[in-house]
Amino acid sequence: MASSAIGYKEMVTRLVGFDTTSRNSNLALIEFVRDYLDSNKVTSELVFAEDRNKANLYATIGPQDRGGIMLSGHTDVVPVDDQDWRSDPFKIVEQEGRLYGRGSADMKSFIAVVLTLVPELVRRKLRTPIHLSFSYDEEVGCIGVRRLISVLGQRPNRPRLAIVGEPTSMQIGVAHKGKHVYRCHVHGHEAHSSQVNYGVNAVEAAAELVTHLKAMARRKRDEGPFDPDFDPPYTSIHTGLIHGGTALNIVPKDCEFDFEFRPLPGEDVDALIGELRDLAATKLVPEMRAVQPHTGINIDDVSAAPALSTPVDAEVTQLVAALTGENATTKVAFGTEGGLFSAAGIPTVICGPGSIDQAHKPDEYVELDQIARCEAFLKRLIDRVSQR
Numbered sequence: 139m140a141s142s143a144i145g146y147k148e149m150v151t152r153l154v155g156f157d158t159t160s161r162n163s164n165l166a167l168i169e170f171v172r173d174y175l176d177s178n179k180v181t182s183e184l185v186f187a188e189d190r191n192k193a194n195l196y197a198t199i200g201p202q203d204r205g206g207i208m209l210s211g212h213t214d215v216v217p218v219d220d221q222d223w224r225s226d227p228f229k230i231v232e233q234e235g236r237l238y239g240r241g242s243a244d245m246k247s248f249i250a251v252v253l254t255l256v257p258e259l260v261r262r263k264l265r266t267p268i269h270l271s272f273s274y275d276e277e278v279g280c281i282g283v284r285r286l287i288s289v290l291g292q293r294p295n296r297p298r299l300a301i302v303g304e305p306t307s308m309q310i311g312v313a314h315k316g317k318h319v320y321r322c323h324v325h326g327h328e329a330h331s332s333q334v335n336y337g338v339n340a341v342e343a344a345a346e347l348v349t350h351l352k353a354m355a356r357r358k359r360d361e362g363p364f365d366p367d368f369d370p371p372y373t374s375i376h377t378g379l380i381h382g383g384t385a386l387n388i389v390p391k392d393c394e395f396d397f398e399f400r401p402l403p404g405e406d407v408d409a410l411i412g413e414l415r416d417l418a419a420t421k422l423v424p425e426m427r428a429v430q431p432h433t434g435i436n437i438d439d440v441s442a443a444p445a446l447s448t449p450v451d452a453e454v455t456q457l458v459a460a461l462t463g464e465n466a467t468t469k470v471a472f473g474t475e476g477g478l479f480s481a482a483g484i485p486t487v488i489c490g491p492g493s494i495d496q497a498h499k500p501d502e503y504v505e506l507d508q509i510a511r512c513e514a515f516l517k518r519l520i521d522r523v524s525q526r
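Counting along the sequence shown from 1, when you hit position 270 you're at 408 in the numbering used here, and nothing is skipped either side.
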């Protein structure tokens, strides 16, 4: 069983030491956290994935009969494959006031600081509960936390407010774009390339769709709508993966590509995807089936995470402003689980140590000063919710 008190450097070292790349299980880390909480007499519950290979962890410290403030973080990290790291990415290296390691910025340092303060939370008599939420598979579509939100439902200790500790350099993030991911499969018909009139070229049909997506992206870039607080200040559209064909002298039968929309809050995503589906249904598929009737195009939803837009005068925003001493708020380009919490009726802001500029890169790091600022912020939160 874990020690009941661990310093944040040791804690982040242990957390980074678990290779929780999204393709892997996170259970070793979750079980470590569960045992650590148990050693501090904090009961936690696990909400498993369907195959029970991964789990969310949820715990409440303080009164169990009411909603309080949730501190939320994800336990998975992005891959290190083909990245040129100067050290083992799953071993923390301290150098020049920085901690290097995969997940040090995104976002195991926040989780580590929260966990090191658990003994203090237990010692203090809290009048407002603190909830801990540590999820899986955030990096691949905010998958895990959806099961946790569903389980919490109408519980009396369902969180009233949430702080997601993604890296914002301890600024107050009140908004982010959504992320909607799609996969398009074009099914054509093979033929010898000398007889293209008998084939249906799946790559070329896919290329027309990708070209239209690029035209939509240019339109958003040039015509908006715009929000200058985001970078980029418009809804972005991006095609990231494409596979098709078997040989140059064969008309390709199949082509598949993945694309995404990152909409501004309030953007009509149904209209965006409807425009592409309309092109497929009214122009491309009729042309394809005029040659071979069994051909077609499927555009499937892969994942969707809503945008976040929390008012500056919301209770959670004002609370975090008071705790950080920051008067200004910011909007972040990256997505978080905060949009899902907000959609579930839990007002949410983003505030955590480190910078997204260092996330997902080789030699990812967090500055020790950022961790110290996060610790001070959370200690002020503990003072705020403790009985006087």
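We put the beta carbon where it would ideally sit given N, CA and C, even for glycine.
Coil, strand or helix - residue i by DSSP
i: Cys512; result: helix
i: Leu209; result: strand
i: Ile310; result: strand
i: His350; result: helix
i: Glu342; result: helix
i: Tyr174; result: helix
i: Gln292; result: coil
i: Ser247; result: helix
i: Val450; result: coil
i: Leu270; result: strand
i: Tyr146; result: helix
i: Asn162; result: coil
i: Leu184; result: strand
i: Glu361; result: helix
i: Gln233; result: strand
i: Asp438; result: strand
i: Tyr196; result: strand
i: Ile488; result: strand
Given residue i as reference, the closest of the options once Cα atoms are compared
i: Ser210; options: Ile435, Phe272 and Asp501; result: Phe272
i: Pro449; options: Pro401, Ala343, Val458 and Ala443; result: Val458
i: Thr373; options: Asp406, Val341 and Val440; result: Asp406
i: Ile388; options: Asn164, Gly155 and Ser332; result: Ser332
i: Phe397; options: Ala385, Met354, Pro424 and Met426; result: Met354
i: Gly477; options: Val440, Asp360, Val283 and Ala418; result: Val283
i: Phe515; options: Cys489, Leu422 and Thr159; result: Cys489
i: Ala197; options: Val185, Arg190 and Asp189; result: Val185
i: Cys322; options: Pro294, Lys229, Ile411 and His330; result: Ile411
Span separating the alpha-carbon of residue i from that of residue j
i: Gly404; j: Asp214; result: 29 Å
i: Tyr336; j: Ala445; result: 46 Å
i: Asp438; j: Ile168; result: 32 Å
i: Pro366; j: His350; result: 25 Å
i: Ser493; j: Ser307; result: 5 Å
i: Arg415; j: Pro431; result: 19 Å
i: Ile375; j: Lys358; result: 8 Å
i: Glu234; j: Glu513; result: 20 Å
i: Gly383; j: Lys499; result: 32 Å
i: Ala460; j: Glu453; result: 11 Å
i: Pro201; j: Ser182; result: 14 Å
i: Met245; j: Val429; result: 52 Å
i: Phe156; j: Tyr274; result: 13 Å
i: Gly303; j: Asp360; result: 33 Å
i: Leu417; j: Val440; result: 20 Å
i: Val256; j: Asp173; result: 13 Å
i: Phe368; j: Ser447; result: 12 Å
i: Leu264; j: Ala482; result: 25 Å
i: Phe108; j: Val180; result: Residue 108 cannot be examined here, being either before or after the span of the chain that is shown, 139 to 526.
i: Tyr386; j: Leu153; result: As written in the sequence, residue 386 is Leu, which differs from the Tyr given in the question. Straight-line Cα distance between these residues: approximately 48 Å.
Contacts around residue i, its chain only, beta-carbon distance under 6 Å, and the 5 residues preceding and following it disregarded
i: Phe479; result: Ala300 and Thr486
i: Ile380; result: Phe395
i: Val470; result: Gly311 and His314
i: Leu290; result: Arg296
i: Lys192; result: Ser163, Asn164 and Tyr274
i: Asp203; result: Pro294
Beta-carbon contacts of residue i that lie in its chain and below 7 Å, excluding the five residues immediately before and after
i: Tyr503; result: Arg236, Leu237, Tyr238, Ser242, Ala243 and Gln496
i: Leu259; result: Ile199, Ile268 and Ile520
i: Ser225; result: Val231 and Tyr238
i: Asn465; result: Ala459
i: Asp222; result: Pro500
i: Glu328; result: Gly337, Ile388, Val389 and Lys391
i: Ala340; result: Val324, His325, Gly326, Gly382, Pro390, Lys391, Asp392 and Cys393
i: Gly467; result: Rather than Gly, the amino acid found at residue 467 in this sequence is Thr. Excluding positions up to five away in sequence, the list reads Ile310, Val312, Val450 and Thr455.
i: Gly362; result: Tyr372
i: Pro227; result: Val218, Gly239 and Arg240
i: Glu346; result: Leu422
Integer-rounded CB distance, given that residue j should sit under 8 Å from residue i
i: Val338; j: Thr433; result: 5 Å
i: Gly145; j: Thr254; result: 6 Å
i: Ser247; j: Val150; result: 5 Å
i: Ala343; j: Met426; result: 6 Å
i: Arg261; j: Asn194; result: Wrong, their Cβ atoms sit about 26 Å apart, outside the cutoff.
i: Pro401; j: Gly463; result: Going by Cβ atoms, the distance from Pro401 to Gly463 rounds to 32 Å, so no, they are not a contact pair.
i: Gly473; j: Ala443; result: 5 Å
i: Val251; j: Leu270; result: 12 Å between Cβ atoms; not a contact.
Sequence-distant residues of its chain with Cβ nearer than 8 Å to residue i (five each side left out)
i: Val348; result: Thr377, Ile380, Phe395 and Phe397
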